[in-house]
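Per my numbering: the sequence shown = residues 3 to 481.
Just below is one structure, and these are the notes that go with it.
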Amino acid sequence: MTLADEGITGTSAQKRPEFQRMIRRCRQKKIDLVLVKSISRFARNTVDCLNYIRALRTLGIAVIFEKENINTLETDSEMLITMMGAFAQAESESMSANIVWGKRQAMREGKANVQYQHLYAYELDESGNPRIIPEQAAVVRQIYDRFIAGHSVRMIKKLLEQQGVPTAKGGDVWSESVIRSILKNEKYCGDVLMQKTYTQDCISKKQIRNVGQLPMYLMRDHHESIISRDRFNQAQAEFARRNAGRAPTRKLAPTGRSCYSAKYALTERLVCGECGTLYRRCVWVKRGQKFAVWRCASRIDYGTKYCHDSPTLREASLQAAILAAINSVMSQREALVGQIEESMRMELIPFPGGTVSVSDIDRQLEELDGEFQALFADSKDGGFMQHAEEFKRISDDMAALKEQKASLLEQQNSDSAANGRIKSALDILNTGSGAFTEWSETLVRQLVDTVKVLSADRIRVCLRGGIEIEQTLGGEELQ
Numbered sequence: 003m004t005l006a007d008e009g010i011t012g013t014s015a016q017k018r019p020e021f022q023r024m025i026r027r028c029r030q031k032k033i034d035l036v037l038v039k040s041i042s043r044f045a046r047n048t049v050d051c052l053n054y055i056r057a058l059r060t061l062g063i064a065v066i067f068e069k070e071n072i073n074t075l076e077t078d079s080e081m082l083i084t085m086m087g088a089f090a091q092a093e094s095e096s097m098s099a100n101i102v103w104g105k106r107q108a109m110r111e112g113k114a115n116v117q118y119q120h121l122y123a124y125e126l127d128e129s130g131n132p133r134i135i136p137e138q139a140a141v142v143r144q145i146y147d148r149f150i151a152g153h154s155v156r157m158i159k160k161l162l163e164q165q166g167v168p169t170a171k172g173g174d175v176w177s178e179s180v181i182r183s184i185l186k187n188e189k190y191c192g193d194v195l196m197q198k199t200y201t202q203d204c205i206s207k208k209q210i211r212n213v214g215q216l217p218m219y220l221m222r223d224h225h226e227s228i229i230s231r232d233r234f235n236q237a238q239a240e241f242a243r244r245n246a247g248r249a250p251t252r253k254l255a256p257t258g259r260s261c262y263s264a265k266y267a268l269t270e271r272l273v274c275g276e277c278g279t280l281y282r283r284c285v286w287v288k289r290g291q292k293f294a295v296w297r298c299a300s301r302i303d304y305g306t307k308y309c310h311d312s313p314t315l316r317e318a319s320l321q322a323a324i325l326a327a328i329n330s331v332m333s334q335r336e337a338l339v340g341q342i343e344e345s346m347r348m349e350l351i352p353f354p355g356g357t358v359s360v361s362d363i364d365r366q367l368e369e370l371d372g373e374f375q376a377l378f379a380d381s382k383d384g385g386f387m388q389h390a391e392e393f394k395r396i397s398d399d400m401a402a403l404k405e406q407k408a409s410l411l412e413q414q415n416s417d418s419a420a421n422g423r424i425k426s427a428l429d430i431l432n433t434g435s436g437a438f439t440e441w442s443e444t445l446v447r448q449l450v451d452t453v454k455v456l457s458a459d460r461i462r463v464c465l466r467g468g469i470e471i472e473q474t475l476g477g478e479e480l481q
């Protein structure tokens, strides 16, 4: 009987069906002798090789390696097998290192190997190039629009299911993780970020998330985009903003932050003026009638231990006061639009430290690379040690420039996200007609930064850009 695993790695015995079939037959006493061309054909993992040989020896079954002329039932065979198995494993590790080097070199040169078959809203055309699927692209844009407008991932999932939007596989139930991956995948803005994961070693083949252990390579405008890069950066900034407000436990610390709420904009904006803790929405029942109120989260969780006098506010009165504050600005919006834009730019976009551009840095890197190549050519005849200091200077200069370039690209991404937030807020100010009469969670998210509770009948509304308005609340006082 001949058993062979064709085109399958020898570093893991578990992934070799024919090898496992041979072991099963040996344990069933259906095989008396195993003939192998060489140790490298038996296994390229030293531990696997020895474990299986010992197991077969216990069963009284010999393994004879033709190339090495070794019989495993002989007393001196194990040392030889250990050495030969180690050599076979080292050969696999060397081949793996060469393959990894080749792939990383291709990444450095901008050659991306992207799998579009499983990427939602993309497919491959007859030439093997990525092509957008219009119907699914519209879904991707809707996901981004709703997330940036303040919807949670769970709300987007429910909305897609209510609309009957099919998943990539044609199902009718969306996964939150799929929606989250769409929102975080740079391929939708036409870019490709390579080496987000890497293989730990060729034996375990464990995939590790790259969080700084190895360099990543970003290719801009690699393929046709579905959303703009500004829109993508806005989504990442929104992720960061929501995560920054998460509390580590369900109960808040005395001045802790609550988790993000897509349903109520005030959950992350209404602040207790006494202890600095965010307010939390509650539903009370009075004389058989239910109504919503907002209370200091520290008072809810710890009583008066940290916060003694924070008032409870009716939601209706609170919303009316905030709308009144916004409308007082809207009545003077022509004079205030410029002030709000300038204030938001000062708040969100830091003043640049210099005038150097990415293209300037790329040009300097090219010059240094040319200098390096010329120095290398001059040193081929044994002059490497003489130019050691020059090599080190060029290497240090290139490393510093690459770090500066990465910082500049990160700043540009941050600026584009900030510009998106500014534009959204100004659009509301410029297109609003008359006073706002109905409460809008989206409106509050775009225009209001924080609302500070000063007393039972007074709040301070801080709009984006630094404009502050004190407003009186109506309605009865609650205890």
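Glycine included, every Cβ here is placed at the ideal spot set by N, Cα and C.
### Query
Could you check where the alpha helix (DSSP H) with glutamate 137 kicks off and where it finishes?
136–151
### Message
My output table needs one value for asparagine 131: the three-state DSSP class, helix, strand or coil.
### Response
Correct three-state label for asparagine 131: coil.
#### Entry: Assigned secondary structure, proline 354 (DSSP; H/G/I helix, E/B strand, else coil)
Low confidence applies to proline 354: its pLDDT is 44, below 50, so where it sits in the model is not reliable enough to give any reading.
### Task
Kindly list the residues whose CB is nearer than 8 Å to the CB of valine 450, restricted to its own chain and excluding five residues on each side of it in sequence; keep chain order.
Ala267, Arg271, Ile324, Ile328, Val463, Cys464, Leu465 and Arg466
### Task
Spatial neighbours of cysteine 284 within its chain, please: CB distance less than 6 Å, with the 5 preceding and 5 following residues excluded, ordered by chain position.
Val295 and Arg297
### Query
Excluding the five sequence neighbours on either side, which residues of its own chain have a C-beta within less than 7 Å of the C-beta of glycine 355, listed in chain order?
Note that glycine 355 scores a pLDDT of 44, beneath 50, so its modelled location is shaky; the value from the coordinates is reported in the next line. Around glycine 355: no qualifying Cβ.
### Task
Rounded to whole angstroms, what's the CA-CA distance from phenylalanine 353 to aspartate 223? Just pull it up for me.
Any reading at phenylalanine 353 is ruled out, since the residue's pLDDT is 41, under 50, leaving its predicted position unreliable.
### Task
Could you pull out every residue in the same chain whose Cβ sits closer than 7 Å to the Cβ of tyrosine 219, ignoring the five residues on either side in sequence?
Met109, Arg110, Met196 and Gln197
### Proximity below 9 Å, CB of leucine 5 to CB of methionine 24
yes
### Message
To the nearest angstrom, how far is the alpha carbon of leucine 161 from that of isoleucine 302?
### Response
32 Å
### Task
Excluding the 5 residues preceding and the 5 following phenylalanine 59 in the sequence, name in chain order all residues of the same chain whose CB lies nearer than 7 Å to its CB.
Just to set this straight, residue 59 is arginine in the shown sequence, not phenylalanine. Only Thr74 and Leu75 meet the Cβ criterion.
### Message
Buried or exposed, going by whether 16 or more other CB atoms sit within 10 Å of the CB of proline 250?
### Response
In this prediction, proline 250 has a pLDDT of 40, which is less than 50 and means its spatial position is unreliable; what the coordinates show is noted afterwards. Looking at its Cβ environment, which holds fewer than 16 other Cβ atoms inside 10 Å, proline 250 is exposed.
### Query
To the nearest angstrom, how far is it from the Cα of histidine 310 to the Cα of tyrosine 281?
14 Å
### Message
Looking only at its chain, what residues have a beta carbon closer than 8 Å to the beta carbon of lysine 265, apart from the 5 residues adjacent to it on each side?
### Response
Ser154, Met157 and Glu443
### Query
Who pairs with arginine 211 in a beta bridge, going by DSSP?
Thr199
### Task
Report buried or exposed for glycine 152, applying the criterion of at least 16 other Cβ atoms within 10 angstroms of its Cβ.
buried
### Task
Using the Cα positions of glutamate 472 and glutamine 236, report the straight-line distance between them to the nearest angstrom.
Near 30 Å, if we compare the C-alpha coordinates of glutamine 236 and glutamate 472.
#### Entry: Residue from Lys39, Trp441, Ile33 and Ser42 with nearest C-alpha to alanine 64
Nearest C-alpha to alanine 64: Ile33.
### Inter-residue spacing [alpha-carbon to alpha-carbon] between aspartate 147 and asparagine 187
When rounded, the distance between both Cα atoms is 15 Å.
### Message
Only counting the same chain, and skipping five residues up and downstream in sequence, which positions put a Cβ closer than 7 Å to that of glutamate 373?
### Response
Ile396
### Message
Quick check on DSSP: helix, strand or coil for glutamate 470?
### Response
strand
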